[in-house]
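A short write-up of the structure that comes next.
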Amino acid sequence: MVITMDETLKKIEQFHGHLGPYAVLGYRMGRIANEKLGADPFLKTAIVWTHIAPPMSCVIDGIQISSGCTTGKGNLTVLSGNIPKACFSDNNGKKIEILLRGSVKNEIDKMVTEQNIVSYSEQLYLKSDQELFEIR
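The numbering of the sequence shown is our numbering, which starts it at 49 and goes up by one.
Structure, rendered in structure tokens:
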């Protein structure tokens, strides 16, 4: 089954309450982790560094939606940070670190308004992983 962009964005909006850039970026982070570590949320953990208040903390919801790692399961830990970063690991010790590029954060800070938040978030969703993140 192929999930379209529209279906994915609706899923993010439904879970999070609105469509915003950090929720979209979190979703993308979790999707990358699933590709590298597998989709089973019970076989991986996530540590997320972010501001603990919106809008940046919205990255947490996106990560929960796509990776399946959640605070309720106890396999998602949130720590304070200045730029969104997530470190995922599986039960075998394999890890992946995903850091939002500073240039992307700066662009969000300068460009996003109430009037363009949805269209901007849609544009972010279409960018490549390499444009958005440093992946280690």
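We put the beta carbon where it would ideally sit given N, CA and C, even for glycine.
Nearest to residue i by alpha carbon, out of the options?
| i | options | result |
| --- | --- | --- |
| residue 85 | 143, 175, 148 and 183 | 143 |
| residue 172 | 161, 59 and 69 | 69 |
| residue 115 | 136, 127, 104 and 170 | 136 |
| residue 106 | 165, 64, 182 and 164 | 64 |
From residue i to residue j, what distance separates their C-alpha atoms?
| i | j | result |
| --- | --- | --- |
| residue 90 | residue 117 | 8 Å |
| residue 160 | residue 168 | 7 Å |
Check whether the Cβ atoms of residue i and residue j sit closer than 8 Å, and answer yes or no.
| i | j | result |
| --- | --- | --- |
| residue 98 | residue 108 | yes |
| residue 111 | residue 96 | yes |
| residue 60 | residue 113 | yes |
| residue 128 | residue 156 | no |
If you count every other CB in all the chains shown that lies within 10 Å of the CB of residue i, and 16 or more means buried, which is it?
| i | result |
| --- | --- |
| residue 184 | exposed |
| residue 71 | buried |
Can you tell me whether residue i is helix, strand or coil according to DSSP?
| i | result |
| --- | --- |
| residue 172 | helix |
| residue 109 | helix |
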